[in-house]
Amino acid sequence: MVGGILAVLFLLLALAIRGETGSGEPETAEETAAENAAEESEGESTAPEETEKPLAELDLNDGPLYALNEDTTPVFQHQSGVDIAYPKEGVKGIFVTAFSAGGERMQELTELVNNTELNSMVIDVKEDIGDIMMPLDVDNEVAQAHMYDYVNPEALMETLEDNEIYPIARIVVFKDSRLAAERPDLSYQNSDGTVWQNGSGESFVNPFVKEVWDYNVDIAIEAAKLGFKEIQFDYVRFPEAFETLSSELTYDFGEYADTEADEVQQRVNAVTDFVAYANEQLKPYDVDVSVDVFGYAATQQEAPGIGQNFSQIADNVDIISSMIYPSHWGAGAFGFDTPDTEPYEVVNQYMKVENEVLGKLEEPPKSRPWIQDFTASYLGPGNYINYGAAEVEAQIEALKDNGVEEYLLWNAQNTYSEGAKYK
21 MVGGILAVLF
31 LLLALAIRGE
41 TGSGEPETAE
51 ETAAENAAEE
61 SEGESTAPEE
71 TEKPLAELDL
81 NDGPLYALNE
91 DTTPVFQHQS
101 GVDIAYPKEG
111 VKGIFVTAFS
121 AGGERMQELT
131 ELVNNTELNS
141 MVIDVKEDIG
151 DIMMPLDVDN
161 EVAQAHMYDY
171 VNPEALMETL
181 EDNEIYPIAR
191 IVVFKDSRLA
201 AERPDLSYQN
211 SDGTVWQNGS
221 GESFVNPFVK
231 EVWDYNVDIA
241 IEAAKLGFKE
251 IQFDYVRFPE
261 AFETLSSELT
271 YDFGEYADTE
281 ADEVQQRVNA
291 VTDFVAYANE
301 QLKPYDVDVS
311 VDVFGYAATQ
321 QEAPGIGQNF
331 SQIADNVDII
341 SSMIYPSHWG
351 AGAFGFDTPD
361 TEPYEVVNQY
371 MKVENEVLGK
381 LEEPPKSRPW
391 IQDFTASYLG
401 PGNYINYGAA
411 EVEAQIEALK
421 DNGVEEYLLW
431 NAQNTYSEGA
441 KYK
């Protein structure tokens, strides 16, 4: 009993001494929260003083110790130390493979950006087959087995920072032959137990399984820690034409198995939920989140096979990057027999559709489409034209005519047209 009284006396004495010394600055987050709560209580209270209650009868706060307003920067937000501001004129970027970023081509591409209106690079961190292209602090054994040092991330960030080039990390999500081969249970299996492959010999992993989500989000978090200012998720979908394949394959429906939704809606829910989950997990790392989607997803309510609902994905990201290459539209799209030969008109007509879809959202994301800087000769004679500076400029003009100032250029070999004006 005496010990308890002495403890109280010492506490009162300490508080009195602190009040006299008058530092006024709490030493811990807990003290800050306590003092703020006390000040708010003093400022707002107009009720008469209540009689002190015994300790056992006090109304204790069962709420969280830390509460954040949605508009407040998280208290424990990670700082990478890489200082590269978002371009004032908007992102105008190019795709850069890890081989280019870590090799001799990087100097050439850096000069291209410095000598034009371009200002950003989308750089492969995890690419299409599932390889991780630079060392990351990820514990997963599969990730470690397929992690390479094609890029020195510290040297890369120094180059980007020195040249004020905005860095975007491209992370391919559900197209992942490496993870599928190592973990068939996370993929789709044929009747004989082998892992399913598409016509190009590529495998996908299963968006229904949260372990796959975390595998990719962990990689994204490490990319953010390196200094990338934006995480761009690609292949956020089921395999193409999955609606015709699903009944023939064995795979886990995860938490979606017992839902009342049909298979189409289950796929849409899984893809949308992943995007929302990834966005939430990346909030403490001060990065924007973007997702690549097929352009045609915006032209219909939802793409039934691949699980992409344009509006729902857009509702959960900072930037939506629709892939609107004229070569990727089939004959008859927007009324054109050979869409690849109409770079301005195809982009112009598409953007009218996308703007209408995004205009229905309460808080639409920024639109930053992928446009074409390659020649699609595989379409065959009469179905394509050679793409150069004029065709690139035509697509950019169509974007601007529809109020879109940002864009990304795709060329798989990173060979971009000379002389284009990236206005």
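For the sequence shown, counting from 1, position 316 maps to 336 in our numbering; every step adds exactly one.
Every residue gets a Cβ at the ideal spot worked out from N, C-alpha and C, and that includes glycine.
Quantities reported herein were computed from a predicted structural model and do not represent experimental measurements.
Note on geometry: alpha-carbon atoms of VAL142 and ALA165 lie some 24 Å from one another. Using a Cβ distance threshold of 8 Å, LEU180 and PRO173 do not count as a contacting pair. Just measuring C-alpha positions, the residue of ASP254, PHE228 and GLU222 sitting nearest VAL145 is ASP254.
TYR168 sits exposed, since fewer than 16 C-beta atoms from the chains shown fall within 10 Å of its C-beta. Along the stretch 173-211, the alpha helix (DSSP H) occurs as fully enclosed runs of 4 or more residues at 173-182 and 197-202, listed in sequence order. At a Cβ-Cβ threshold of 8 Å, ALA318 and VAL367 do not count as neighbours.
DSSP links PHE394 through a beta bridge to no other residue. Rounded to whole angstroms, the gap between the alpha carbons of LEU129 and ILE416 is 20 Å.
Secondary structure remark: continuous alpha helix (DSSP H) runs of at least 4 residues inside the stretch 356-430, in chain order: 363-379 and 409-421. For VAL288, the enclosing alpha helix (DSSP H) has its first and last residue at 283-302. In the DSSP assignment, MET343 falls within the unbroken beta strand (DSSP E) covering 339-343. In terms of Cβ geometry, ARG257 and GLN328 form a close pair [threshold 8 Å]. ASN299 places its beta carbon less than 8 Å from that of ASN336. It is roughly 11 Å from the alpha-carbon of TYR427 to the alpha-carbon of VAL412. Annotation: the continuous alpha helix (DSSP H) that includes ILE241 extends over 230-246.
Taken in chain order, the complete beta strand (DSSP E) segments of 3 residues or longer contained in the stretch 98-181 are 112-116 and 140-146.
Three or more pairs of CB atoms, one per stretch, sit closer than 8 Å, so the stretch 233-246 contacts the stretch 301-317. Separation of the CB atoms of GLN301 and VAL237 is rounded to 5 Å, and the pair is thereby assigned contact status at 8 Å.
Per DSSP, the beta-bridge partners of PHE224 are LYS195. By the beta-carbon neighbour count (other beta carbons within 10 angstroms, threshold 16), TYR398 is exposed. For ILE326, no beta strand (DSSP E) encloses it, and the DSSP letter there is neither H nor E.
DSSP places SER267 within a helical segment (H, G or I) once states are collapsed to three. Exclusion of the five residues before and after TYR436 leaves ILE114, LEU132, ASP393 and LEU429 as the residues of its chain whose Cβ lies within less than 7 Å of its Cβ. A Cβ-Cβ separation of about 19 Å leaves GLU137 out of contact with TYR364 under the 8 Å criterion. When C-beta atoms of the stretch 108-126 are compared with those of the stretch 210-226, fewer than three pairs fall below 8 Å, so the two segments do not count as touching.
One alpha carbon belongs to PHE119, the other to ASN434, and they sit about 10 Å apart. Taking a contact to require three or more Cβ pairs closer than 8 Å, the stretch 283-290 and the stretch 346-358 do not qualify as touching. Put simply, the backbone Cα of ASN210 is about 41 Å away from that of GLY247.
GLN252 sits in a strand when the DSSP states are folded into three classes. Just so you know, the alpha carbons of LYS380 and ILE405 end up roughly 35 Å apart. When beta bridges are read from the DSSP output, PHE314 appears opposite MET343. Here PHE228 is not near SER207, since their CB atoms are 8 Å or more apart.
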